[in-house]
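Undergrad: Once you've had a glance at the structure underneath, I'll fire off some questions.
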Amino acid sequence: MSDALATVEQTALRSGPIAAGAGRRILRSPFLLVGLVGVTVIAAAAAFAPLIAPDDPTAQNLANILAPPIWVEGGTTDHLLGTDVLGRDVASRILYGARNSLFVAFSAMLLGSSLGLITGLLAGFFGGRVDSILMRLGDVQLAFPFILLAIAILGVVAARPAWLLIVVLGIPGWIVYARVVRSRVLAEKEKDYVAAAAAMGAGPWRRLFRYVFPSVWQVVPVIALLDVGFLIIMESTLSFLGLGLPPPAATWGGILADGRRNMVVSQWLPILPGLAIVVTVLSINLVGDGLAAVFDSRHIHRGLRRPFSSSVPSASPVDTDSEALLSVRGLHVEFPLPGATVKAVRGVDFDLAAGETLGVVGESGSGKSVTASAVIGLLDPPGRITNGAVLFGGEDLARFSDRRMTTLRGRQIAMIFQNPAVSLNPVLTIGFQLREAIRHVTGADRHTVRHTARQVLVAVGIEDPDRISRQYPFQLSGGMNQRVMIAMVLAARPRLLLADEPTTALDTTTQAQILNRLVELTEAEQISLVLITHDIALVSEYADRMLVLYAGEVCEFGPVRQVISQPRHPYTRALLESVPRVEDPAERLQVIPGELPDPRRDRVGCPFADRCPHVMDICREVTPPRYDIAPGHIAACYLWASEPAEAVAT
Amino acid sequence: MTAPLLEVRHLSKEFPLRGLRFGRHRGGTVRAVDDVSFDLYPGETLGLVGESGSGKSTLGRTVLRLFEPTSGEIVFDGEPVTADNAAGLRRRAQIVFQDPYASLPPRMRVRRILADPLLIHEIVSPSQVEERVASLLRDVGLSEEHARAFPHQLSGGQRQRVSIARALAVEPSLVVADEAVSALDVSVQAQILNLMKDLQAGRGLAYLFISHDLGVVRYMSRRIAVMFLGRIVEVGPAAEITSGPLHPYTSTLLAAVPKVGPQRTVTRLDSDHPAPARVDIGCSYRTRCPMAQEVCETDRPELVEWAPGRRSACHFALDVPQRLQASLPVPGSAG
Amino acid sequence: MRGRVLLIRLGQMVLVVLAVVTIAFFVLRLATGDPARLVNPPGTPEEIITQTRERIGTDKPVAIQYVDYLWNAAQGDLGTSFRGAQSVANAVFGALPNTLSLAGITIVISATLAVALGALAAWRPGSILDRGVLVWVALAQATPAFWLAVLLVLIFSLNLRWFPAIDMAGWRSFVLPVTTLVVTLSPILIRTSRQSFIETLREDYIKAARARGLPSWRVFAVHGVKAASLPLVTLIGLQLGFLLAGAVVVEAIFNWPGIGKLILDSLASRDFPMIQGGILVAAVVFVVLNFVVDMLYAVLDPRVGAARA
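Chains as they are written, first to last, in this note's numbering: chain Y, 1 to 650; chain X, 1001 to 1335; chain S, 2001 to 2309.
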């Protein structure tokens, strides 16, 4: 998941604990409500069967067998759903059948889930031999055709009391719970907070029950619910085969079996109990799914959306600097999420000349990554450009359809991302992905493609291209993977390359190698490079011009040497002074107090106002225009407003 | 000269390997920490810097016995720390982790997160817990209202403050900071670093400050130890190491750090060099070292004191400054 | 390294089969008492009972019977049926292909449906198609196989007379049983597939692939499908037990001459060797299929196989 969206989501999550929203979310989901209603009704019917059943379910009346239900000719109100082959009231039998099914299924679930929960917790947390044995046992069991054994046992025993059914149905289920719980425990166990608890002196049992368990148990109720549904079907199947609760007990499966034997005469008899099963299991499943959605925090703020977004914003006036390769004007990007709309980019402008390197600096929430994604048309859904223009080669990319953008991507505009390990498909080889990219862009034949692939890998500093091509991404280091990404991109010689934090995930020495190589290659091929980073020193090293963003707005823009030696915006200055530098160590770092503004709220005035040491009244009221500091150097700060007339039109 | 708070002697930590990569495997294990020795004095910050695979994080955790050392000894406050008395260490040494989102239990309120250590070690009586929690929160720059919050309701910086508060709850004399600010935004990072410095001054804490970021380590530390492939390759006062390193790796690291200044300083062009096939003989840096000679293949350099307070594991330590020209731009010339 | 893993797996498989057979053997013996008595009608004179015992071999101690059984089974002799003198092995191996054909066709159709519907649903989540698929899946998952089979017979055999209700004869007779099985097996596959596709499409490497200019359809088909289908393979392995249960039911209803029906019939007549033999062979097939699934997954997912690289 992209960092931009992750940051957005973290912000959204902070607005309230998960549990607090649960009540509201339950009410908002129609399926869940329907399910709850269904389950309640059925459970009540089962519980109160003795009170509401019209007849004794075992009372036979051979004078009135196979009577039809009331809606068929010949049906009476005495027996709303008719009678079976022994004259017993079908409605009563179905009610009692509910009782029996629910009882057996629920008990079996309790048995399986308790066993599974305990073993899963212990195996996952303590590991070692206990874990190995339990998991071997589990593997063996999963390979077991349990149903056959169950059938065999139930088929040959003299009596089939309820507890036997419960045991036979319930015990095999432990492995499902155990596996899921165990994997949750394993995942949580690795997290730092458990290690911190250990460092704090918390013993193993305390760590397991006070720290790990609270984050783990949520999987169980959902599985348990779905399990009950499954068990109801299993119990009914066994009853159908004559292997369930012995007669005269009323079971849905049994009624259905009777019905089948007399199907020619009474077509409704086999249908009704089946309907009961479907309605019951469906209700339970709806509740189970609904709960799963409620518990799963990922769904809370995402909602459903198309994997590939496409948007065409409203028209806006555009004034361009026709010399530039890329001109962004008044770019606004929003993410309409279920909770609130996040306005990630609020009016960003900049120009980029051919062959130039632009450094875009900002922290999380600055909108730097989102801006780049908007330029290339790859905003994470549900992101949309709501205003502004992205002018490239005389045309406004923001108005392009996705199909048109696809023709530009890879060929004219390319992008590399932060974490190379997740930017490459893990189940395809490096060579496959590289050749695919080259073939797509050049359209050449197989041999040329292979040759180009080899060449381009060498160009990025990979000495053994053939061996590397056969590897999968997870087998290579981060630095290697990033070189491969660069190779893929450069094969096409795009005019514009967007590099979103390309080296943040890499070691310092690797970073230096990669960036040197990247800049060398882009300079050689006259490719314009947009280098997005949080590290202002990188910009100082590699960029020609720099753009400083804060909370989605432009603070400062100008030639790197100029901005670095004479930063004009307080934020730029604060950035320079608050980062410890090994080449210029400070006695005490300047601190920027406060925090980023909420990206969901509209704002008035300068976004940095609350944290600025030079804040004035007007800063909080009116968004500062961009002032000319020097040719090509602008700063959006009232400190530089000597004359209102000097303000650059925004 | 005061006695060291922490003495580490020949500490090693091996992990068994499932599924081999390349590199330093020895019969199916990886030596994450390889024969490390150092001292840490009360109230000082020793910076531990290295890249991925250097073993710095593992060292930090092994020193606290969160991992069982494979060999070597740890002496804390004059007493050897063994498997049996490791529990006693928990009150005197604590750790702050990197990831503010994973280092706090997601379903516990801050109040309980901070109360737990107080209760486990019976530092205050149950009736005083609330007050102590409030006081801890104030010490790290948070307010009492934050006690009621769940971790996901706090920002990254706020969570890291809670982690620090949790570490301080037991009143330790040593705090291991394992990339404690690496996951924070730049503007928040400075806040936390200054907070840590203030807490150190106020409580006489010693820090083992682990980070890959040389700038941050330089700012925080009085002395720095540089790690490479599980071993310490250089130790010395922070200012001296960063202005005149005595190990080729330190020099490379310094050269590779991007710097704010009038021109591009990062110019060296290398491709990835593989780690040497055998790391138990010879110098582990030899395949990447521009100064490597025959003796580097056969003799493993030990950490030797080449100048007062300056130790380096290189046969040619004193040649490093001239040969590698790792000098930094003079402070103040950056416009 | 690879050989050792294989050997361990084989050992595990043998262990499972052994466990199944042993449990079945002893449970069957213990649950019912004297088979000689059960096979003969009540009131039979003692000498006949003793003769029966000798005939069917239950006069020896149970432990010896067990060992004998295993020894014979390893050589392919699964004993003789209590009813008539039919060779169990013949009966079982005769019935096996019928069950396998049902199961095989079901798996193929279900997997194809799952990939297709899952992909379609994930392409446009929230659309009519997606909602339709989800509704269908919810209903299908709540439908018991035996009821559906009966319904289908009711509608298509008795009323419409399109397909036969019983027995196995010609391709038409496959339609109703396979439909039943597909409807009950596919829901969970479709849901998992849909979820897997949705998650795969959110991955960063999909975005990166599009950044290289690859058209959406190709990204979806080549990059998406492979990664998204992997969990399906594992899931099919986990669902084999469920499929077998369904097959048993379907065979009972449609009078399909497979292993399930064989075992069910033998239960009624207490024909222990047949029950035993059926379970043993079913267990072996089951275990082998699981193994195949695991190996298939290891082949498809390079991250698993390459741990040894």
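Beta carbons are placed, not taken as given, at the ideal position from N, Cα and C, and that holds for glycine.
Spatial neighbours of X/LEU1011 within its chain, please: C-beta separation below 8 angstroms, excluding the five flanking residues on both sides.
TA: Excluding positions up to five away in sequence, the list reads VAL1033, ASP1035, VAL1036, SER1037, LEU1059, THR1062, VAL1063, PRO1069, SER1071, GLY1072, GLU1073, ILE1074.
Undergrad: Taking 7 angstroms as the limit between beta carbons, can you name the residues of its chain near Y/ALA249, skipping five residues before and five after?
TA: ASN100.
Undergrad: Looking at the structure shown, is S/HIS2223 part of a helix, part of a strand, or coil, going by DSSP?
TA: The answer is helix: DSSP assigns S/HIS2223 an H, G or I state.
Undergrad: Would DSSP call Y/HIS332 helix, strand or coil?
TA: Looking at Y/HIS332 - three-state DSSP - the assignment turns out to be strand.
Undergrad: Shortest alpha-carbon distance to Y/GLY38 belongs to which of Y/VAL279, Y/VAL375, Y/GLU363?
TA: The shortest C-alpha separation from Y/GLY38 is found at Y/VAL279.
Undergrad: Using only the alpha-carbon positions, how far apart do X/ALA1180 and S/ALA2211 sit?
TA: Near 34 angstroms, if we compare the C-alpha coordinates of S/ALA2211 and X/ALA1180.
Undergrad: Expressed to the nearest angstrom, what Euclidean distance is found between the alpha-carbon atoms of Y/VAL360 and Y/SER528?
TA: About 13 angstroms.
Undergrad: Do Y/ALA574 and X/VAL1260 have their CB atoms nearer than 8 angstroms?
TA: Cβ distance not < 8 angstroms, so Y/ALA574 and X/VAL1260 don't count as in contact.
Undergrad: Start and end of the alpha helix (DSSP H) containing X/GLY1202?
TA: From DSSP, the alpha helix (DSSP H) with X/GLY1202 extends over 1186–1203.
Undergrad: Would you report the Cα separation of Y/ARG411 and Y/GLY443, rounded to the nearest angstrom?
TA: For Y/ARG411 and Y/GLY443, the distance between alpha carbons rounds to 11 angstroms.
Undergrad: Are the beta-carbon atoms of X/VAL1257 and X/HIS1247 separated by less than 8 angstroms?
TA: Contact: no.
Undergrad: For chain X, check one thing: does any of its Cβ atoms lie closer than 8 angstroms to the Cβ of Y/GLN455?
TA: By this cut-off, Y/GLN455 is not an interface position.
Undergrad: Using a C-beta cutoff of 8 angstroms, does S/PRO2042 count as contacting chain Y?
TA: Not an interface residue.
Undergrad: In chain Y, which residues lie less than 7 angstroms from S/ASP2265 when you measure between Cβ atoms?
TA: Ordered by position in chain Y, no residue passes the 7 angstroms Cβ test against S/ASP2265, which lies about 10 angstroms from the chain.
Undergrad: From the DSSP output, in three-state form, read off Y/LYS343 for me.
TA: Residue state, collapsed to three classes: strand.
Undergrad: Three or more beta-carbon pairs under 8 angstroms between the segment 267–277 of chain Y and the segment 2146–2164 of chain S, yes or no?
TA: Contact holds: three or more Cβ-Cβ distances are below 8 angstroms.
Undergrad: Among S/ILE2107, S/GLY2213, S/ARG2124, whose alpha-carbon lies nearest the alpha-carbon of S/PHE2242?
TA: If we check each option's Cα against that of S/PHE2242, S/ILE2107 comes out closest.
Undergrad: Identify each residue in the segment 263–282 of chain Y for which the Cβ-Cβ distance to at least one residue of chain S is less than 9 angstroms, and report them in chain order.
TA: Residues passing the 9 angstroms Cβ filter: MET263, VAL264, GLN267, PRO270, ILE271, PRO273, GLY274, LEU275, ILE277, VAL278, VAL279, THR280, VAL281, LEU282.
Undergrad: For Y/ASP131, which three-state DSSP category applies?
TA: Residue state, collapsed to three classes: helix.
Undergrad: Should the segment 516–533 of chain Y be regarded as contacting the segment 457–467 of chain Y, the criterion being three or more beta carbon pairs within less than 8 angstroms?
TA: The answer is yes - the segment 457–467 of chain Y touches the segment 516–533 of chain Y, with three or more Cβ pairs under 8 angstroms.
Undergrad: Determine the direct distance from the alpha carbon of X/GLN1322 to that of Y/GLY393, and round the result to whole angstroms.
TA: Each residue's alpha carbon lies about 51 angstroms from the other.
Undergrad: Report the neighbours of Y/THR237 on chain S: residues whose CB is nearer than 8 angstroms to its CB, in chain order.
TA: Per Cβ cutoff of 8 angstroms: PRO2144, ALA2145, PHE2146, ALA2245, VAL2249.
Undergrad: In this structure, how does DSSP classify X/ILE1095 when only helix, strand and coil are distinguished?
TA: DSSP places X/ILE1095 in strand when its eight states are reduced to three.
Undergrad: Do you know offhand how far Y/ILE147's Cα is from Y/LEU80's?
TA: Roughly 36 angstroms between the two C-alpha positions.
Undergrad: Along chain S, in chain order, which residues have C-beta atoms closer than 9 angstroms to that of Y/ALA414?
TA: Within chain S, the residues near Y/ALA414 are ALA2211, ARG2212, GLY2213.
Undergrad: Can you pull the chain Y neighbours of S/ALA2095, defined as C-beta to C-beta under 7 angstroms?
TA: Under the 7 angstroms cutoff, chain Y gives no residues; its nearest Cβ is about 13 angstroms from S/ALA2095.
Undergrad: Reducing DSSP to helix, strand and coil, say where X/LEU1318 ends up.
TA: Note: X/LEU1318 maps to helix in three-state DSSP.
Undergrad: What are the start and end residues of the alpha helix (DSSP H) that includes Y/HIS447?
TA: Element bounds for Y/HIS447: 446–459.
Undergrad: Using beta-carbon positions only, say whether Y/TYR627 and X/LEU1104 come within less than 8 angstroms of one another.
TA: No, Cβ-Cβ distance for Y/TYR627 and X/LEU1104 is not below 8 angstroms.
Undergrad: Whose CA, out of Y/GLY594, Y/PRO338, Y/PHE230, lies closest to the CA of S/ALA2138?
TA: Minimum Cα distance to S/ALA2138 is reached at Y/PHE230.
Undergrad: Counting only C-beta atoms, is Y/ILE634 closer than 8 angstroms to chain S at any point?
TA: False, the Cβ-Cβ gap to chain S never drops below 8 angstroms.
Undergrad: Under the rule that 16 or more other beta-carbon atoms within 10 Å means buried, what is X/PHE1209, buried or exposed?
TA: With 16 or more other Cβ atoms within 10 Å, it is buried.
Undergrad: What runs of the beta strand (DSSP E), each 3 residues or longer, lie entirely inside the segment 466–509 of chain Y?
TA: Entirely contained in the segment 466–509 of chain Y, the beta strand (DSSP E) runs reaching 3 residues are, in chain order, 496–500.
Undergrad: Counting only the same chain and skipping the five closest in sequence on each side, list residues whose C-beta sits under 6 angstroms from that of Y/GLY661.
TA: Any question about residue 661 of chain Y goes unanswered here, given that chain Y covers just 1 to 650.
Undergrad: Check whether the Cβ atoms of S/VAL2115 and S/ALA2283 sit closer than 8 angstroms, and answer yes or no.
TA: It is not a contact, given that the beta carbons lie outside the stated cut-off.
Undergrad: Quick one: measure Cβ to Cβ for Y/THR510 and Y/GLY479, integer angstroms, because I've assumed they're closer than 8 angstroms.
TA: The pair is a contact, with the Cβ atoms about 4 angstroms apart (cut-off 8 angstroms).
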